[in-house]
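**Q** First to last, the protein sequences are chains A and B.
Per this note's numbering, the first sequence starts with residue 1, numbered consecutively.
Per this note's numbering, the second sequence starts with residue 1, numbered consecutively.
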Amino acid sequence: MKFSPFHPIHLVLGLVIWAAWFVFLYGGLSVGCAIAPPASEEQAGTWINGAIVAIALLVGGYLLWCAYRCMHASSDPKLQKDDRLKVFISKTAAAVYLVSAFASLALAVPGLVLPPCV
Amino acid sequence: MSERIQQRNHEREQRLAHVWGNLPGWGALAAVNHTTVGLRFIATGLVFFLVGGLLAMLIRTQLALPEQDIIESALYNQLFTMHGTVMMFLFAIPVLEGLAMYLIPKMIGTRDLVFPRLSALGYFCYLFGGLIVLSSLVLEVAPDAGWFMYTPLSSATYSPGPGSDFWLLGITFVEISAISAGVELVVSILRTRANGMSLNRMPIFCWYILAMALMIVFGFPPLILGSVLLELERAAGFVFFATAGGGDPLLWQHLFWLFGHPEVYIIFLPAAGIVSTLIPVFARHPLVGYRWIVLSIITMGFISFGLWVHHMFTVGIPHLAQAFFSVASMLVAIPTGIQIFAWLATLWYGKVVFRLPMLWILGFLVVFVCGGLTGVMLALAPFNWQVHDTHFVVAHMHYVLVGGMLFPLVAGLYYWLPHVSGRMPSDSLGRWGFWLFFGGFNLTFLLMHLTGLLGMPRRIYTYEAGLGWEWLNLVSSIGGFIMAIGVAVVIVDIVLHFRFGQRAEQNPWGADTLEWAIPMPVNTYNFSSLPEISTRHPMWNAPELVESIAAGEHGLADVQALRRDIYGSDATTGKVREVVHLPTNSWLPLMTALALAVLCISLLVKAYLLAVVFTVMALVLSLRWSWENGAHPRAAPTDDNEPGAPPLHSRTCNGPGLWGMVVSLMADGTFFVSLLFGWFYLWTAAPEWTLPDHSPIQLVPMIFSGLLLTAAVGVFWVLVRGLRRRRATHLGPGMWLVAALGAGHWALLAGQLMSAPLAPTERAHDAVLTVILFYLLLHSGLAVIFTLLQAVRVRLGYTAARLPYEPIVIQPFWFYTLGVYWLSLLAFLLLPNAWSVG
Numbered sequence: 001m002k003f004s005p006f007h008p009i010h011l012v013l014g015l016v017i018w019a020a021w022f023v024f025l026y027g028g029l030s031v032g033c034a035i036a037p038p039a040s041e042e043q044a045g046t047w048i049n050g051a052i053v054a055i056a057l058l059v060g061g062y063l064l065w066c067a068y069r070c071m072h073a074s075s076d077p078k079l080q081k082d083d084r085l086k087v088f089i090s091k092t093a094a095a096v097y098l099v100s101a102f103a104s105l106a107l108a109v110p111g112l113v114l115p116p117c118v
Numbered sequence: 001m002s003e004r005i006q007q008r009n010h011e012r013e014q015r016l017a018h019v020w021g022n023l024p025g026w027g028a029l030a031a032v033n034h035t036t037v038g039l040r041f042i043a044t045g046l047v048f049f050l051v052g053g054l055l056a057m058l059i060r061t062q063l064a065l066p067e068q069d070i071i072e073s074a075l076y077n078q079l080f081t082m083h084g085t086v087m088m089f090l091f092a093i094p095v096l097e098g099l100a101m102y103l104i105p106k107m108i109g110t111r112d113l114v115f116p117r118l119s120a121l122g123y124f125c126y127l128f129g130g131l132i133v134l135s136s137l138v139l140e141v142a143p144d145a146g147w148f149m150y151t152p153l154s155s156a157t158y159s160p161g162p163g164s165d166f167w168l169l170g171i172t173f174v175e176i177s178a179i180s181a182g183v184e185l186v187v188s189i190l191r192t193r194a195n196g197m198s199l200n201r202m203p204i205f206c207w208y209i210l211a212m213a214l215m216i217v218f219g220f221p222p223l224i225l226g227s228v229l230l231e232l233e234r235a236a237g238f239v240f241f242a243t244a245g246g247g248d249p250l251l252w253q254h255l256f257w258l259f260g261h262p263e264v265y266i267i268f269l270p271a272a273g274i275v276s277t278l279i280p281v282f283a284r285h286p287l288v289g290y291r292w293i294v295l296s297i298i299t300m301g302f303i304s305f306g307l308w309v310h311h312m313f314t315v316g317i318p319h320l321a322q323a324f325f326s327v328a329s330m331l332v333a334i335p336t337g338i339q340i341f342a343w344l345a346t347l348w349y350g351k352v353v354f355r356l357p358m359l360w361i362l363g364f365l366v367v368f369v370c371g372g373l374t375g376v377m378l379a380l381a382p383f384n385w386q387v388h389d390t391h392f393v394v395a396h397m398h399y400v401l402v403g404g405m406l407f408p409l410v411a412g413l414y415y416w417l418p419h420v421s422g423r424m425p426s427d428s429l430g431r432w433g434f435w436l437f438f439g440g441f442n443l444t445f446l447l448m449h450l451t452g453l454l455g456m457p458r459r460i461y462t463y464e465a466g467l468g469w470e471w472l473n474l475v476s477s478i479g480g481f482i483m484a485i486g487v488a489v490v491i492v493d494i495v496l497h498f499r500f501g502q503r504a505e506q507n508p509w510g511a512d513t514l515e516w517a518i519p520m521p522v523n524t525y526n527f528s529s530l531p532e533i534s535t536r537h538p539m540w541n542a543p544e545l546v547e548s549i550a551a552g553e554h555g556l557a558d559v560q561a562l563r564r565d566i567y568g569s570d571a572t573t574g575k576v577r578e579v580v581h582l583p584t585n586s587w588l589p590l591m592t593a594l595a596l597a598v599l600c601i602s603l604l605v606k607a608y609l610l611a612v613v614f615t616v617m618a619l620v621l622s623l624r625w626s627w628e629n630g631a632h633p634r635a636a637p638t639d640d641n642e643p644g645a646p647p648l649h650s651r652t653c654n655g656p657g658l659w660g661m662v663v664s665l666m667a668d669g670t671f672f673v674s675l676l677f678g679w680f681y682l683w684t685a686a687p688e689w690t691l692p693d694h695s696p697i698q699l700v701p702m703i704f705s706g707l708l709l710t711a712a713v714g715v716f717w718v719l720v721r722g723l724r725r726r727r728a729t730h731l732g733p734g735m736w737l738v739a740a741l742g743a744g745h746w747a748l749l750a751g752q753l754m755s756a757p758l759a760p761t762e763r764a765h766d767a768v769l770t771v772i773l774f775y776l777l778l779h780s781g782l783a784v785i786f787t788l789l790q791a792v793r794v795r796l797g798y799t800a801a802r803l804p805y806e807p808i809v810i811q812p813f814w815f816y817t818l819g820v821y822w823l824s825l826l827a828f829l830l831l832p833n834a835w836s837v838g
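In structure tokens, the structure reads:
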């Protein structure tokens, strides 16, 4: 997270990461099934399912960390009364990161139970 | 004394009215003012709504009883296709865009949108495109493949008539309008807010419109690409969606729903913006959870792009992939729920005044929540399979779209009507209209859920007796006609109010937003002086603004050098950064739209030579338009900034034009990425896709061409870097050099296209390559033309060290051209070569 936690880019960055993860998930599943489809009897215990869950944990973890950074910045005692804009941006951004983390992890939940290419 | 002040104010306002006014008589067609254009959008959209409604009545008449033959099957197919098309493309989106165009400048405390000629072009494209689509009905050749035009049904084999062409060309034309509105609204909201209107003070409606506009920018290009590809397949025999040759009909569904599902939210968000604006006014309480609602808007804007496959649950996609979309479809209900709870909390904490607009808002809450609940049911894949293509889906869709869009829209129309006319609508007629519409709607569509659950499919023109659907259809039809009577009553009310409505007092509803600080009926320049904002509720916390604005006590109170001036401000803080001088009335938007309309008709009648002529004409008109920009004497007659005032935008390095270019390139980039998606989709999923043994394009000339392009962009970058430091050494010769390098690159690329043994009518692989080569040629060619014009402008003194604006605007276009070139080389040439070798 290079930008200051008060930069407005954080209002969308979490969901941009979520969107990239979603595209990777859907595209990667198609490519994975085309290149190295696992046997259908393996059910959900395939390399594709493992990769989905592992990457989801990484993405979700990173987004949670970003949410913490923004939330922490918004409660900085150095912020003045007229810094309401900064508080608005960082608090909203923290919530956006939190939602993005939840959505990223939620996408991977079906990977725990469903076979990938059937 | 006070008389002298009044006299001075009157004279000042007359000068403002003179500079900002439309031309008289037929000259009104040259108007670019956002109030005029916005109202035209709304009025035209409402006419199309009546046409779409009439088609719906014909459908309900046919279905009222079993085994009727009032309308034969072929015509019925045309009717339901046109009903969906008209309502979605010609009514819902344009009317909301029009409302946004009308309101946004007034809400953010400025005088116009930032690219007024683009507004006017957008309107005429919409009007002509809509007329072209509607003309197919009159000519009895209307499209009949459903409003989503699924292939192969819409392909030349199964739809040999011109109906599909009318749809593809007409709707693409209308989409130009949507994207232009999207670009314009994004830049206006971000860069022209009133001094001090920081993001956290922005009216909530502006957040909704910002999200909607960005969604248009990213959502429409996939459908434009799909339409271009399908028209190429139909007209020239290219292979994209036909299985033989390596295409895939499912690619169309992906491209359509990549647009189609976000479109539902593009329609819903502004309507929800109306709700979030009106509820606090009638609850007499600030919106509860402003920040939560902003969070919901942003979340919805993104997640709604991850739902498109839920329209394709039955086409054979792997279960796990379906589950991703199922999860995303359920996730999107959360931000919707947050908004509904925030609205309820606002009503709970406030003291609700049940004025007429509030009735429609309550109708929205009831109907939309029901539609949302059936939406969650449909997000579950097994239930979706059961009711797929039944009337249950039709009922759900109407609950969401009519509930989520039409109810708030009518509430908004009633609410802002006094703003336009200066008169109040009739309360009693309005209430009759509401109850007739609300009752009729629920009678029609609540029962339709049951009709669907009993198995009645969509899009059948009749049904046998004895299936248990008869009474349900009859009641639905009766409900439909009651709803139509409700619409008629609302129309009568609105028409009569212009003549008989009571005069409205200033801010008649007791609203908090800035649009109510301007005189009613509305003038052409909105604010007599541009206020500074220090609160989210200016009309509640600073009601004296009405007088101080009128008295000219704020910014840009007087006309300078006959320019249309507004403030440009910082995107985050809203602090004033520059004075943006806007273009005045112009015939160019109308002429450009006319040229595009003739181009569209030429393609319809397959007069391709004429189409080329009018393409060139549209390009020339666009360039003529761009000529009177920046430091051109007609755009900014004075040479220097006014002392003590912020600089003129055309003298800065970060004006709105740069933002407009970047947002336009986002749309362009989405088009490119959609094409890339199509390429990889066909490669991995099309059953008969084949890669040729040897690429028909030669790699070495392509790399050499790319190097020339890289050199051109490099030189341009050096020139712009100098301009940013207010140095213009060798600027003119530099521009000529860039143009020469770019022209060399273009010529090599064109040579490749001409000499390559491409067979786009035989192989999907070659068809996609042909399209991408044309795409690259178009971009390189435009970049060269822009640069040549700059070289001339340097000689004329319109671009110089102290006038760096225009090359800075063009630079992202060169970067984009360079980026897509090398990315295309990688994805379309190097990767397949490497794959073949592997």
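Glycine included, C-beta positions come from ideal geometry on N, C-alpha and C.
Would you list the one or two residues that DSSP bridges to Tyr151(B)?
**A** Here residue 151(B) refers to the residue found at position 151 when the second sequence is read from its first residue. It is Thr, not Tyr, that sits at residue 151(B) in the sequence shown. Its beta-bridge partners do not exist; DSSP assigns none.
**Q** List the residues of chain A that Ile209(B) touches, going by C-beta distances under 8 Å, in chain order.
**A** Here residue 209(B) corresponds to residue number 209 of the second sequence, with the count starting at 1. By Cβ distance, chain A contributes nothing, its closest Cβ being about 16 Å from Ile209(B), past 8 Å.
**Q** According to DSSP, what are the bridge partners of Ala800(B)?
**A** As a working mapping, residue 800(B) is identified with position 800 in the second sequence. Ala800(B) is bridged to Leu803(B).
**Q** Do Phe437(B) and Met483(B) have their C-beta atoms closer together than 8 Å?
**A** As a working mapping, residue 437(B) is identified with position 437 in the second sequence. As a working mapping, residue 483(B) is identified with position 483 in the second sequence. Cβ distance < 8 Å, so Phe437(B) and Met483(B) count as in contact.
**Q** Distance cutoff 8 Å, beta carbons only. Does Cys246(B) sit that close to anything in chain A?
**A** Start at 1 with the first residue of the second sequence, and residue 246(B) comes out as number 246. Position check: residue 246(B) holds Gly in this sequence, whereas Cys was assumed. Gly246(B) does not count as touching chain A.
**Q** Under the assumption that Ile338(B) contacts Ser296(B) (Cβ atoms under 8 Å), give the Cβ distance between them as a whole number of angstroms.
**A** Translated into the one-based positions of the second sequence, residue 338(B) becomes position 338. Translated into the one-based positions of the second sequence, residue 296(B) becomes position 296. Yes, they are in contact, since the Cβ atoms of Ile338(B) and Ser296(B) sit about 4 Å apart, within 8 Å.
**Q** Comparing C-alpha positions only, which one of Tyr608(B), Glu762(B), Ser529(B), Thr729(B) sits nearest to Ala17(B)?
**A** Start at 1 with the first residue of the second sequence, and residue 17(B) comes out as number 17. Considering only alpha carbons, the answer is Ser529(B).
**Q** Check the C-beta distance from Phe445(B) over to Ala395(B) and give it rounded, since I have them as a contact under 8 Å.
**A** Numbered from its first residue, the second sequence carries residue 445(B) at position 445. Numbered from its first residue, the second sequence carries residue 395(B) at position 395. That belief holds up - the Cβ atoms of Phe445(B) and Ala395(B) are roughly 5 Å apart, short of 8 Å.
**Q** On the three-pair Cβ rule with 8 Å, is the stretch 42–56 of chain B touching the stretch 87–94 of chain B?
**A** Taking 8 Å as the limit for Cβ pairs, the verdict is that the stretch 87–94 of chain B does touch the stretch 42–56 of chain B.
**Q** How about Ala635(B) and Gly247(B): are their beta carbons less than 8 Å apart?
**A** The residue you call residue 635(B) lines up with position 635 of the second sequence. The residue you call residue 247(B) lines up with position 247 of the second sequence. Not closer than 8 Å, so no.
**Q** According to DSSP, simplified to helix, strand and coil, what is Glu513(B)?
**A** The count along the second sequence starts at 1 and reaches residue 513(B) at position 513. Checking the displayed sequence, the identity of residue 513(B) turns out to be Thr instead of Glu. Looking at Thr513(B) - three-state DSSP - the assignment turns out to be coil, as it is neither helix nor strand.
**Q** Using 8 Å as the threshold, is the C-beta distance between Ile533(B) and Ala194(B) below it?
**A** Your numbering for residue 533(B) matches position 533 in the second sequence. Your numbering for residue 194(B) matches position 194 in the second sequence. Cβ distance < 8 Å, so Ile533(B) and Ala194(B) count as in contact.
**Q** Would you mind listing the alpha helix (DSSP H) stretches within the stretch 311–348 of chain B that are 4+ residues and don't spill past its ends, in chain order?
**A** Runs of the alpha helix (DSSP H) inside the stretch 311–348 of chain B: 319–331.
**Q** Between which two residues does the beta strand (DSSP E) holding Glu578(B) run?
**A** Stepping through the second sequence from its first residue, residue 578(B) is reached at position 578. Glu578(B) -> beta strand (DSSP E) spans 576–582.
**Q** Where does Tyr414(B) sit, in a helix, a strand or coil, going by DSSP?
**A** Within the second sequence, residue 414(B) is the residue found at index 414, counting from 1. Tyr414(B): helix per DSSP, three-state reduction.
**Q** At a Cβ threshold of 8 Å, is Leu658(B) touching chain A?
**A** Looking up residue 658(B) in the second sequence gives position 658. It does not; no Cβ of chain A falls within 8 Å.
**Q** For the alpha helix (DSSP H) that Asp427(B) lies in, which residues bound it at each end?
**A** Translated into positions along the second sequence, residue 427(B) becomes position 427. Residues 427–453.
**Q** Just confirm the distance between the C-beta atoms of Val32(B) and Val114(B), as a whole number of angstroms; I'd bet it's less than 8 Å.
**A** Your numbering for residue 32(B) matches position 32 in the second sequence. Your numbering for residue 114(B) matches position 114 in the second sequence. Not quite, the Cβ-Cβ distance comes to about 12 Å (not below 8 Å), so this is no contact.
**Q** Could you check whether the Cβ of Pro286(B) sits closer than 8 Å to any Cβ belonging to chain E?
**A** In summary, chain E is missing from the structure at hand, where the protein chains are A and B.
**Q** Report back the beta-carbon spacing between Ile298(B) and Val96(A) to the nearest angstrom; my notes put them in contact at under 8 Å.
**A** Position 298 of the second sequence, counting from 1, holds the residue named residue 298(B). Position 96 of the first sequence, counting from 1, holds the residue named residue 96(A). That pair is a contact at about 6 Å.
**Q** Taking beta-carbon pairs under 8 Å, can you tell me which members of the stretch 87–101 of chain A lie near chain B?
**A** Within the stretch 87–101 of chain A, the residues whose Cβ lies closer than 8 Å to some Cβ of chain B are Phe88, Ile89, Lys91, Thr92, Ala95, Val96, Val99, listed in chain order.
**Q** Evaluate contact between the stretch 440–458 of chain B and the stretch 41–48 of chain B, counting only Cβ atoms and requiring at least three cross-stretch pairs below 8 Å.
**A** Verdict: no, contact absent.
**Q** Note down, in chain order, each residue of its chain lying with its Cβ closer than 6 Å to the Cβ of Trp509(B), except the 5 sequence neighbours on either side.
**A** Taking the first residue of the second sequence as 1, we reach residue 509(B) at position 509. Taken in chain order, the residues that qualify are Val281.
**Q** In whole angstroms, what separates the C-alpha of Cys653(B) from that of Val576(B)?
**A** Taking the second sequence and counting its residues from 1, the one referred to as residue 653(B) is at position 653. Taking the second sequence and counting its residues from 1, the one referred to as residue 576(B) is at position 576. Roughly 15 Å separates the two Cα atoms.
**Q** If Phe119(A) sits next to Ser90(A), beta carbons under 8 Å apart, how far is it from one beta carbon to the other, in whole angstroms?
**A** The structure shown has nothing for residue 119(A), since chain A only spans 1 to 118.
**Q** Which stretch, first to last residue, makes up the beta strand (DSSP E) that contains Tyr567(B)?
**A** Translated into positions along the second sequence, residue 567(B) becomes position 567. Counting along the chain, the beta strand (DSSP E) containing Tyr567(B) begins and ends at 564–569.
**Q** Are the CB atoms of Ser426(B) and Leu496(B) within a distance shorter than 8 Å?
**A** Your numbering for residue 496(B) matches position 496 in the second sequence. Your numbering for residue 426(B) matches position 426 in the second sequence. Taking 8 Å as the Cβ cut-off, Leu496(B) and Ser426(B) qualify as a contacting pair.
**Q** Per DSSP, what are the beta-bridge partners of Arg503(B) in this structure?
**A** The residue you call residue 503(B) lines up with position 503 of the second sequence. Beta-bridge pairing links Arg503(B) to Arg423(B).
**Q** Is there a Cβ from chain A that is less than 8 Å from the Cβ of Ser155(B)?
**A** Walking along the second sequence from the start, residue 155(B) turns up at place 155. By this cut-off, Ser155(B) is not an interface position.
**Q** Thr684(B) versus chain A: which residues are under 8 Å apart at the beta carbon?
**A** On the second sequence, position 684 is the one that residue 684(B) refers to. Correct list: Ser30, Val31, Ala34.
**Q** If you pair each beta-carbon of the stretch 400–411 of chain B with each one of the stretch 367–379 of chain B, do three or more pairs fall below 8 Å?
**A** Contact holds: three or more Cβ-Cβ distances are below 8 Å.
**Q** Rounded to the nearest angstrom, what separates Ile59(B) and Ile478(B) at their Cα positions?
**A** Taking the first residue of the second sequence as 1, we reach residue 59(B) at position 59. Taking the first residue of the second sequence as 1, we reach residue 478(B) at position 478. Rounded to whole angstroms, Ile59(B) to Ile478(B) spans 12 Å at the Cα level.
**Q** Would you verify that the beta carbon of Arg841(B) is, or is not, closer than 8 Å to some beta carbon of chain A?
**A** With chain B represented from 1 up to 838, any question about residue 841(B) goes unanswered, as that position is not in the structure.
**Q** What span of residues does the alpha helix (DSSP H) with Pro221(B) cover, start to end?
**A** Taking the first residue of the second sequence as 1, we reach residue 221(B) at position 221. 204–236 is the span of the alpha helix (DSSP H), which, as asked, contains Pro221(B).
**Q** May I ask which residues mark the beginning and end of the alpha helix (DSSP H) holding Met197(B)?
**A** Counted from its first residue, the second sequence places residue 197(B) at position 197. Note, Met197(B): premise wrong, no alpha helix (DSSP H); not H, not E.
**Q** Between the stretch 109–118 of chain A and the stretch 50–60 of chain A, do three or more beta carbon pairs fall short of 8 Å?
**A** Touching, per the Cβ criterion.
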